[in-house]
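If you're matching positions, the first sequence starts at 3 in this note's numbering and goes up one per residue. Backbone N, C-alpha and C fix where the C-beta goes; we use that ideal spot for every residue, glycine too.
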Amino acid sequence: MNIDLQIRNGVSAALKALYSEVLNPDNIQTQLTRKEFDGDLTVVVFPFLRFSKKSPEQTASEIGDYLVNEIDLIVGFNVVKGFLNIVVSPNYWLEVLYANFTDSNFGFTKSTDDSPLVMVEYSSPNTNKPLHLGHIRNNLLGYSVSEILKANGNRVVKTNIVNDRGIHICKSMYAWLKSGKNETPENSGKKGDHLVGEYYVQFDKLYKQEVAGLMEKGMSKEEAEANAPSMKGAREMLLKWEDNDTEVRELWQKMNSWVYSGFDVTYKKLGVDFDKIYYESETYTVGRDEALRGVEEGIFEKHDDGSVWANLENDGLDQKILLRSDGTSVYMTQDIGTAKLRYNDYDISKMVYVVGNEQNYHFQVLSVLLDKLGYEWGKGLFHFSYGMVELPHGKMKSREGTVVDADDLVEGMIEVSKKTSEELGKLDEYSEQEKNEIYRKIALGALKYFILKVDPKKTMLFNPEESIDFNGNTGPFVLYTYARIQSILRKARETNIEWSDKVNNVKPEAKELELIKKINTFPEVVSDAANNFSPAVVANYCYDLVKEFNQFYHEFSILKEENDDIMKFRLQLAQTTALVIAHAMSLLGIECPERM
RNA sequence: GGUCCUGUAGCUCAACUGGAUAGAGCAGCGGCCUUCUAAGCCGCAGGUUGUGGGUUCGAGCCCCGCCGGGAUCACCA
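1. How many angstroms separate the CA atom of Y545 from the CA atom of I583?
2. Please go through the same chain and pick out, in chain order, the residues whose beta-carbon is closer than 7 Å to the beta-carbon of S416, but skip the five residues on each side of it.
3. So for W379, helix, strand or coil by DSSP?
4. If you compare alpha carbons, which of V354, L34, V367 and E292 is closest to L325?
5. Return the residue from the list F108, L142, C172 and N130 that minimises the CA-CA distance to G155.
6. In whole angstroms, give me the CA-to-CA distance for Q33 and Y94.
7. Just the Cα atoms here: how many angstroms apart are F571 and V508?
8. When DSSP builds the beta bridges, which residues end up paired with W178?
9. Are H137 and A408 close, meaning C-beta to C-beta below 8 Å?
10. Would you mind reading off the limits of the alpha helix (DSSP H) that contains Y280?
11. In whole angstroms, what is the alpha-carbon distance linking T330 and R290?
12. Locate the alpha helix (DSSP H) running through Y388, then write down its first and last residues.
13. With a CB to CB cut of under 7 Å and the five nearest residues on each side skipped, what residues in its chain are close to K173?
14. For the beta strand (DSSP E) that contains K352, what are its first and last residues?
15. Please state whether the Cβ-Cβ distance between N71 and N80 is less than 8 Å.
16. Pairs of beta-carbons, one from the region 420–430 and one from the region 451–465, closer than 8 Å: are there three or more?
17. Starting from the N-terminal side, write out each stretch of the beta strand (DSSP E) that is 3 residues or longer and does not extend beyond the region 551–578.
18. With a threshold of 8 Å on Cβ separation, who are the neighbours of A177 within its own chain once the five nearest residues in sequence on each side are excluded?
19. Check whether the Cβ of F103 sits closer than 7 Å to any heavy atom of the ligand PLP, and report yes or no.
20. Got a sec, what are the start and stop residues for the alpha helix (DSSP H) N189 sits in?
21. Between which two residues does the alpha helix (DSSP H) containing R167 stretch?
22. List the endpoints of the continuous alpha helix (DSSP H) containing W260.
23. Is the CB-CB distance between Y355 and P458 below 8 Å?
24. Can you tell which of N542, I521 and I568 has the C-alpha that lies nearest to the C-alpha of E511?
25. Three or more C-beta pairs closer than 8 Å, one from the region 340–351 and one from the region 279–286: is that the case here?
26. Quick check: what's the CA-CA separation for E298 versus W311?
27. With a Cβ-Cβ cutoff of 8 Å, do V540 and F479 count as a contact?
28. In the DSSP assignment, the alpha helix (DSSP H) including L2 goes from what residue to what residue?
29. May I ask you to report which of helix, strand or coil DSSP gives L463?
30. Can you give me the Cβ contacts of N29 inside the same chain, cut-off strictly under 6 Å, excluding the 5 residues immediately before and after it?
31. So if DSSP puts H134 in a beta bridge, which residue, or which two residues, is it bridged to?
32. According to DSSP, is R157 part of a helix, a strand, or is it coil?
33. Should K399 go down as buried or exposed, given a rule of 16 or more other Cβ atoms within 10 Å for buried?
34. Do you know offhand how far F85's Cα is from Y100's?
35. Using the Cα positions of G599 and Q366, report the straight-line distance between them to the nearest angstrom.
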C-alpha cells in the first residue's frame, strides 16, 4: 500500500490509541521532508496538540514511536520542533521505482465510455486578421488543459467557435473590393489570413482619413464617424449579408476561406487541433430565437424601440442588451445560441471556456442568462480565465504596429533554435530533414514552455527582443535532459545491456532516493494541474525533476558503474525519468527530440 | 465610482493551497569538459514578500484599511 496513506492511517490510529481522539485520515496531511532534514515524509503535529495536551516534541515522539512499532516500512524518525520526520525503508522506494518503471501509462488515468465528457472551447478567432501572441497563449492553454483533463480520465471534446460574421469581416471585404484588384493568396503568394488582415488595416486607414476630412469640413467627430463612406459601406454590406445577398455572401465565403486555410497552417505549426468547430454565422440565429423565447416567457423585456434586454440587477449585475433595436444579435446572444447547440450535440458533463480575463463579466452574465432560460447546466459552465500577454512597452496595439504575429514568432524561434544548434554542432551527422525536425521541436518546446510555465491567471510579460532563453528554467533545458537520457539508453542497448529485471540488492544513494520520490509525485502533479486548471504546475514540476536528474547525472556514472545491479537500477531510474519527462511535456503539447 | 484580478531579489517567475531558514532562472562574479551530451554541474552575491493593523502555536498565502498596476461595467467582439 501507498506509504502516504499508511502513515495517515497510522497517525489516525495513534491519535486514537494515545489520546482517545478520532480523526479521519483524510484530514491528516503529510509532506515530503525538506532536503535539509533527515527523513522521507513529514507530519506536522501542531494540530494534534489540543488532543495530546503535551509539548510538540513529546507529541511527535509518541506518534513516531507508535508508527515505527505498527508499520513495517517505517524504520525510524526524528523530531524537529513540531515536525515529525519519518524515515521509510529504502526497499519501499525501490519497489516504487520498479512499479513506475514498468507502468508505461504512469501518471495517467485512462478514460472509458462512462467517463465525464468535458468540452473545452479555445482559440476562437475573428476572421479579419491573423493570429497573434495573445491567441498563442490561448491556444497553448486550451490544448494543454485538454490534455491534462484527458490524463485525468476525462473524455474531452476540443472545440473552436469561429467568429466569422459581423462588421469586422465586412471592413476587410469593403477594402478588398475597393482597392484589392482581385488580389488572392494564389496570385500574391500571401498567406490567406495575412492578406485579409492587410485589408482590414487598409480599411482602418481609409476610414480615419475620411473622418479627418469630414471634420475639416466642419462635422463633429460623431457625425464624421457615422458619415464616413467606408463605414457606411461596411454597414451596408453587413445588412446585405444578413439579407442573404448573393454577391456579399460569395465574397464573404471566399475571403473567410482564405483566412481558414491560413489559420490551418498556423494551428498545425503550433500543434493544436479541434474535434469540432462551430461558426457564429450558424449559431447566432439560435441565440436570437432564445432571446425571443425569453421575451415571450417574460424572462426578458422588450423596449419600445424593439431592443431586447435582460434585467440582472437582482443578481447583482446590470442590464444587458440581447437584441439591438434593428433585431440583430450581439455577442452575448450568439454565445447563448452556441451553448445551446453544443448541449444538443453532445452529452456534456462540463463546459470549459478558455477566454481572457477581460471577459470575466461576460461569462458571469452568460451563466446567469442560461440559467434564467431554464438550462440546468448554465450555472455549471466554467470560464477558464487567463491573463493578458504584455510587451515590454505595454499592451499590443494593432494600430501602433506592436502586435507580435504568431507565424513570425514561431519562425523566429526556429531560427534561433537552428543557430544555437549549429553553434553547438552536435547534429552535424544528421540529414537536413532530421535536423529541421529537431530545430522545430526545440523551438516549439521553448515557446510553449515559456508561456505555459507562468500561472495562467497572471498577466505575463513577453520580450521579443531578448527572445526566449534556451538555458536555465526553459523548455530546451528539459528537452536536453530527455535527449541526454536517451543517449545513455541507446549506448546501453548497443552494448547489449539488459536492465528490465527487478533488482534487489541495491541501497540507493540519497540523491537517487530524492529522484525516485520526485518521480513518484507525478500522478499527484497531474491531478493538481487538472484541479487548478494550471499547466504551470506541470511545467514547474518538469523543471524540478530535470534539475534533480542532472544533479544525479553529474554525481554518479551509470554505464561505468561496476556493480551490475546498481547499473541496472540506475538505468531504470534514468528511463523512468525520461518517461515522466515525455509524459509531462506531452501535457504541455511539447514533443521531446531523441537527440539535440 | 461599482465589481473582479494583481503586487515576492535589478529583470522574469516559484513557493505542494496556513507549516521548518521565502526558492529558481536570467543578468553579475568565481570554479568544473583526456570520464555516459558543458543547451550541463558547483559556489558567491542579491529580500523588512507594496504598506499598516488583525486572526493563529505558525501568515507571502486568510480578514480589514490604505498605496501602486490592470481588467470590466457598449445597440463592439
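On the basis of the supplied data:
1. Within the first sequence, numbered from 1, the residue matching residue 545 stands at position 543. Within the first sequence, numbered from 1, the residue matching residue 583 stands at position 581. C-alpha separation (whole angstroms): 9 Å.
2. Numbered from its first residue, the first sequence carries residue 416 at position 414. Correcting the residue identity first, residue 416 is Ile in this sequence and not Ser. Answer for I416: Y441, R442 and A445, listed in chain order.
3. Translated into positions along the first sequence, residue 379 becomes position 377. Of the three classes helix, strand and coil, the one that applies to W379 here is coil, per DSSP.
4. Locating residue 325 in the first sequence gives position 323, counting from the first residue. The candidate whose alpha carbon is nearest that of L325 is E292.
5. The count along the first sequence starts at 1 and reaches residue 155 at position 153. Residue F108 is the option with its Cα nearest to G155.
6. Taking the first residue of the first sequence as 1, we reach residue 33 at position 31. Taking the first residue of the first sequence as 1, we reach residue 94 at position 92. So the two alpha carbons sit approximately 17 Å from each other.
7. As a first step, residue 571 is located in the first sequence; it is residue number 569 there, counting from the start. As a first step, residue 508 is located in the first sequence; it is residue number 506 there, counting from the start. Taking the straight line from one Cα to the other gives about 8 Å.
8. As a working note, residue 178 is residue 176 in the first sequence. DSSP lists no partner for W178.
9. Here the question's residue 137 lines up with position 135 in the first sequence. Here the question's residue 408 lines up with position 406 in the first sequence. Yes.
10. For the purposes of this step, residue 280 is taken as the residue at position 278 of the first sequence. Careful: Y280 lies outside any alpha helix (DSSP H), inside the beta strand (DSSP E) at K278 to Y281.
11. The residue you call residue 330 lines up with position 328 of the first sequence. The residue you call residue 290 lines up with position 288 of the first sequence. If I take the Cα positions, the gap works out to 8 Å.
12. Here residue 388 corresponds to residue number 386 of the first sequence, with the count starting at 1. First-last for Y388: F384 to Y388, but that is the beta strand (DSSP E), not the alpha helix (DSSP H).
13. For the purposes of this step, residue 173 is taken as the residue at position 171 of the first sequence. Only N130, Y202, F205 and A236 meet the Cβ criterion.
14. As a position in the first sequence, residue 352 is number 350, starting the count at 1. Residues K352 to G358.
15. The sequence position of residue 71 within the first sequence is 69, counting from 1. The sequence position of residue 80 within the first sequence is 78, counting from 1. No, Cβ-Cβ distance for N71 and N80 is not below 8 Å.
16. no
17. none
18. Residue 177 sits at position 175 when you count from the first residue of the first sequence. Only Y201, Y202, Q204, F205, L208 and S232 meet the Cβ criterion.
19. Among the ligands in the structure shown, none appear at all, so the ligand PLP cannot be discussed.
20. Sequence index remark: in the first sequence, residue 189 carries index 187 (1-based). Note, N189: alpha helix (DSSP H), P187 to S190.
21. As a position in the first sequence, residue 167 is number 165, starting the count at 1. It is not in any alpha helix (DSSP H) - R167 carries neither H nor E in the DSSP assignment.
22. Counting from one through the first sequence, the residue named residue 260 turns up at place 258. T248 to L272 is the span of the alpha helix (DSSP H), which, as asked, contains W260.
23. What you label residue 355 is simply residue 353 of the first sequence in a count that begins at 1. What you label residue 458 is simply residue 456 of the first sequence in a count that begins at 1. No, the Cβ-Cβ distance between Y355 and P458 is not below 8 Å.
24. Within the first sequence, numbered from 1, the residue matching residue 511 stands at position 509. The shortest Cα separation from E511 among N542, I521 and I568 belongs to I568.
25. yes
26. The residue you call residue 298 lines up with position 296 of the first sequence. The residue you call residue 311 lines up with position 309 of the first sequence. Each residue's Cα considered, the two are about 13 Å apart.
27. Looking up residue 540 in the first sequence gives position 538. Looking up residue 479 in the first sequence gives position 477. No. Outside cutoff.
28. In the structure displayed, the chain extends from 3 to 598; residue 2 sits before or after that span and is not available.
29. Stepping through the first sequence from its first residue, residue 463 is reached at position 461. L463: strand per DSSP, three-state reduction.
30. Translated into the one-based positions of the first sequence, residue 29 becomes position 27. Hits under 6 Å: none found.
31. Along the first sequence, read from residue 1 onward, the residue named residue 134 stands at position 132. Answer is D407.
32. In the first sequence, the residue the question calls residue 157 occupies position 155. R157 falls in the strand class under three-state DSSP.
33. Residue 399 sits at position 397 when you count from the first residue of the first sequence. When all chains shown are included, K399 counts as exposed.
34. The residue you call residue 85 lines up with position 83 of the first sequence. The residue you call residue 100 lines up with position 98 of the first sequence. Approximately 30 Å between the Cα atoms of the pair.
35. Because residue 599 is not part of the residues shown, which for the chain are 3 to 598, the question remains open.
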